[in-house]
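**Q**
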Amino acid sequence: MVKPTIFDATGSSSEAQTASNLTSRQTSNFEEAQETIYAYLLDIIKQWSPENVLKEFRHLFIQDDDPINSNVIRSIYEIVFANDRQEFHYTLKRSCYILVNNWVSKRKFKYIQQLLEILNDPITKRKSLSPMVDRLRGWMQAFAKSDDYQKLELYAQAKFQEHARWNSRYAPILLSTQYNDLRNPIEQREAARNRALQLRCRFKFDLAMYMARFESAGIDSQIQNPTDVGDEILRVIKLIVAKRDTYSYANMANVFSKTTQGQNYKKFKQSLKDYLLCYGESQEFSDTLKLNLWHKLDSLYETWHDQLLTDTMLLKTCNKLIDYLTTDKRKQPSPLLESLISQGNPLTVVILLLKIVLICQPARIRLEACVADLIMYHEKSPESCVWMTNFIEIFTIIFAIYADNMTISVK
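Sequential numbering from 459 applies to the sequence shown in our numbering.
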């Protein structure tokens, strides 16, 4: 006989309500288990030595010995027993960043490298007598092969010394995508912001020291070029940076922003074309933009044409221009970028992107995400890395000078 479905006063079936209650209870248990793990790690990272913290982390997540806190291991097993791999992955990820965030702020990078070694320990491949331990170790192996593990590598000092990965030189750009992503744990976002700031400040200091001396009669041999571009390109960049007052890009952006206030959107787009090609670009470069970009801009958000320009319109328009000029599909170079670079114009393209960000600072989030996509795409395409390296190097130099909070002198 078919069992009748019973409905409550709200019209919900008892089975559906029971399932909902179970799901809610399970979610609550997961959150409680996770908070127990996080609170414990936050406590010991403040009180214990890094060596002992790593030892306890190893005992908790690899299970090669008994951890000190049995409540925490019960919380880990609650997630493992429920067979929720995704929840475990997030828990492990945030646990790592609780440690990493602390060590980044104190510049204790060697312990981050040791943490990576624990996550990739060969013992995770060994079988045990416990199915739960085997499941735990299997999930540890999966984490070590994930994108989240590769993102953790950006914080390890050894990676920058070895230059083992093509994209390690551009870690600040890749880190920016981590601290701009609101889906990431707060510890990851803080660690990414702090590490990116450290690397950018160091790069700008090294760049300022080198650019102040590379034209001198006797270059201090101890001062090395912190970039992969030659002195000739740096001289050109120095001339650009030397522009002051009326002819500086920052001043032009300020004038543009003031003159476009109160314009309707259609008029603003025409003003934007004039601003982006105000001076200095070759005829070939200008013709390429007119042929491949202006018609896209003309047809962009046509329903706004008669409306007064707003901050939202400005941001959406700048984000679209950045897409067209970098990664039209967000994962590979746009045809326009390849066309402009093939003309030998990486510096001019970077200046164009700079002009866009100077009139709309929030658009830098989209720009850094697109450039990070280019870095990841070309890491897998070594044959394209020569022109991409030049573009990214120039991008890094120009934005370090113009668009970061800390300014440097290049006189």
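We treat Cβ as the ideally placed atom computed from N, Cα and C, and that holds for glycine.
Measure the alpha-carbon distance for Ser604 versus Tyr548 and round it to whole angstroms.
**A** Position 146 of the sequence shown, counting from 1, holds the residue named residue 604. Position 90 of the sequence shown, counting from 1, holds the residue named residue 548. Their Cα atoms are separated by approximately 12 Å.
**Q** Let me know the alpha helix (DSSP H) ranges lying completely inside the stretch 479-554, each 4 residues or longer, listed in chain order.
**A** DSSP runs (the alpha helix (DSSP H)) wholly in the stretch 479-554: 508-520, 528-539.
**Q** Residues in the same chain with beta-carbon distance under 7 Å from Leu633, minus the five sequence neighbours each way, listed in chain order, please.
**A** Here the question's residue 633 lines up with position 175 in the sequence shown. Counting only Cβ-Cβ distances below 7 Å, and skipping sequence neighbours, we find Leu612, Ala650, Arg653, Ala654.
**Q** Here's a check: name, in chain order, each residue in its chain whose Cβ is nearer than 7 Å to the Cβ of Gln521, leaving out the five neighbours to either side.
**A** Position 63 of the sequence shown holds residue 521. Same-chain partners within the cutoff: Val591, Leu594.
**Q** Taking Cβ to Cβ, would you say Ile852 is nearer than 8 Å to Leu794?
**A** Along the sequence shown, read from residue 1 onward, the residue named residue 852 stands at position 394. Along the sequence shown, read from residue 1 onward, the residue named residue 794 stands at position 336. Contact: no.
**Q** Tell me whether Ala540, by its Cβ, gets closer than 7 Å to a heavy atom of the ligand HEM.
**A** The ligand HEM is not part of the structure shown, which contains no ligands of any sort.
**Q** Please classify Leu557: is it buried, with 16 or more other beta-carbons within 10 angstroms of its beta-carbon, or exposed?
**A** Here the question's residue 557 lines up with position 99 in the sequence shown. Leu557 is buried by the Cβ-count criterion.
**Q** Mind the definition here: the stretch 568-578 touches the stretch 657-668 only if three or more C-beta pairs lie below 8 Å; say whether that holds.
**A** Too few Cβ pairs lie closer than 8 Å, so no.
**Q** Taking Cys776 as part of the alpha helix (DSSP H), name the residues at either end of that continuous run.
**A** Along the sequence shown, one-based indexing puts residue 776 at 318. Looking at the DSSP string, the run of the alpha helix (DSSP H) that includes Cys776 is 769-783.
**Q** Is the Cβ-Cβ distance between Val530 and Tyr498 less than 8 Å?
**A** As a first step, residue 530 is located in the sequence shown; it is residue number 72 there, counting from the start. As a first step, residue 498 is located in the sequence shown; it is residue number 40 there, counting from the start. Result yes, Cβ atoms of Val530 and Tyr498 sit closer than 8 Å.
**Q** To the nearest angstrom, report how far apart Ala467 and Ile833 are at their CA atoms.
**A** The sequence position of residue 467 within the sequence shown is 9, counting from 1. The sequence position of residue 833 within the sequence shown is 375, counting from 1. Note on Ala467: pLDDT 45, under 50, position unreliable in the model; the coordinate value appears next. Spanning the two alpha carbons is a distance of roughly 57 Å.
**Q** Going by C-alpha distance, which of Asn560, Thr582, Asp831, Leu692 is nearest Gln790?
**A** If you number the sequence shown from 1, residue 790 lands on position 332. That would be Asp831, whose Cα lies nearest to the Cα of Gln790.
**Q** Would you give the residue range spanned by the alpha helix (DSSP H) that Lys583 belongs to?
**A** Along the sequence shown, one-based indexing puts residue 583 at 125. Unbroken run through Lys583: none, as it is neither H nor E.
**Q** Under the three-state reduction of DSSP, which class applies to Leu735: helix, strand or coil?
**A** Locating residue 735 in the sequence shown gives position 277, counting from the first residue. Coil at Leu735, not helix or strand.
**Q** Give every residue of the same chain whose Cβ lies closer than 7 Å to the Cβ of Ile855, excluding the five residues on either side of it in the sequence, and list them in chain order.
**A** What you label residue 855 is simply residue 397 of the sequence shown in a count that begins at 1. Contacts found: Leu665, Thr685, Ile695.
**Q** Taking 8 Å as the threshold (C-beta atoms), are Tyr707 and Leu816 in contact?
**A** Residue numbering aside, residue 816 sits at position 358 when the sequence shown is read from its first letter. Residue numbering aside, residue 707 sits at position 249 when the sequence shown is read from its first letter. Against a cut-off of 8 Å, the Cβ pair of Tyr707 and Leu816 comes out as a contact.
**Q** Does DSSP put Leu766 in a helix, in a strand, or in coil?
**A** Position 308 of the sequence shown, counted from the start, is the residue given in the question as residue 766. Of the three classes helix, strand and coil, the one that applies to Leu766 here is strand, per DSSP.
**Q** Can you check DSSP and say which residues form a bridge with Asn722?
**A** As a first step, residue 722 is located in the sequence shown; it is residue number 264 there, counting from the start. Leu766, per the DSSP bridge assignment.
**Q** Apart from the five residues on each side of it in sequence, which residues of its chain come closer than 6 Å, Cβ to Cβ, to Ser533?
**A** One-based indexing of the sequence shown puts residue 533 at position 75. Within the same chain, Ser533 has close Cβ partners Ala491, Thr494, Ile495.
**Q** Could you round the C-beta distance between Tyr733 and Lys754 to whole angstroms and report it? I think they count as a contact, below 8 Å.
**A** Position 275 of the sequence shown, counting from 1, holds the residue named residue 733. Position 296 of the sequence shown, counting from 1, holds the residue named residue 754. That belief does not hold up - the Cβ atoms of Tyr733 and Lys754 are roughly 17 Å apart, past 8 Å.
**Q** Check Lys603 in the structure and name its three-state DSSP category.
**A** For this step, residue 603 is matched to residue 145 along the sequence shown. Three-state result, Lys603: coil.
**Q** Quick one: what's got a C-beta closer than 8 Å to Arg552's C-beta in the same chain, skipping five residues either side?
**A** Along the sequence shown, read from residue 1 onward, the residue named residue 552 stands at position 94. These residues qualify, in order along the chain: Gln492, Tyr496, Pro643, Glu645, Gln646.
**Q** Excluding five sequence neighbours on each side, which residues of the same chain lie with their C-beta closer than 8 Å to the C-beta of Cys828?
**A** For the purposes of this step, residue 828 is taken as residue 370 along the sequence shown, with counting starting at 1. So the list reads Ile780, Asp781, Thr784, Thr785, Arg788, once near-sequence residues are dropped.
**Q** One question on the structure: do Thr718 and Leu767 come within less than 8 Å of each other, judged by their Cβ atoms?
**A** Working through the sequence shown from its first residue, we reach residue 718 at position 260. Working through the sequence shown from its first residue, we reach residue 767 at position 309. It is a contact, given that the beta carbons lie within the stated cut-off.
**Q** Take Cys818 and list the residues in its own chain whose beta-carbon comes closer than 7 Å to its own, dropping the five residues that flank it on each side.
**A** Numbered from its first residue, the sequence shown carries residue 818 at position 360. Excluding sequence neighbours, Cys818 sits near Leu772, Leu773, Cys776.
**Q** Grouping DSSP H, G and I as helix and E and B as strand, with all else coil, what is Ile695?
**A** One-based indexing of the sequence shown puts residue 695 at position 237. Looking at Ile695 - three-state DSSP - the assignment turns out to be helix.
**Q** Does the distance from the C-beta atom of Ile799 to that of Val808 stay below 8 Å?
**A** By one-based count along the sequence shown, residue 799 stands at place 341. By one-based count along the sequence shown, residue 808 stands at place 350. No.
**Q** By the DSSP assignment, the alpha helix (DSSP H) with Pro684 in it spans what residues?
**A** What you label residue 684 is simply residue 226 of the sequence shown in a count that begins at 1. No alpha helix (DSSP H) contains Pro684, which DSSP labels as neither H nor E.
**Q** Just to check my reading of the structure: Ser744 and Leu735 have Cβ atoms closer than 8 Å, yes? What is that Cβ distance to the nearest angstrom?
**A** For the purposes of this step, residue 744 is taken as residue 286 along the sequence shown, with counting starting at 1. For the purposes of this step, residue 735 is taken as residue 277 along the sequence shown, with counting starting at 1. Yes, they are in contact, since the Cβ atoms of Ser744 and Leu735 sit about 6 Å apart, within 8 Å.
**Q** To the nearest angstrom, how far is the alpha carbon of Lys585 from that of Ile576?
**A** The residue you call residue 585 lines up with position 127 of the sequence shown. The residue you call residue 576 lines up with position 118 of the sequence shown. Those two C-alpha atoms are separated by around 17 Å.
**Q** By the 10 Å Cβ neighbour count, where 16 or more other Cβ atoms means buried, how is Tyr722 classified, buried or exposed?
**A** As a working mapping, residue 722 is identified with position 264 in the sequence shown. It should be pointed out that residue 722 corresponds to Asn in this sequence rather than to Tyr. Exposed, because fewer than 16 other Cβ atoms sit within 10 Å of the Cβ of Asn722.
**Q** Does DSSP put Tyr569 in a helix, a strand or coil?
**A** Within the sequence shown, numbered from 1, the residue matching residue 569 stands at position 111. Tyr569: helix per DSSP, three-state reduction.
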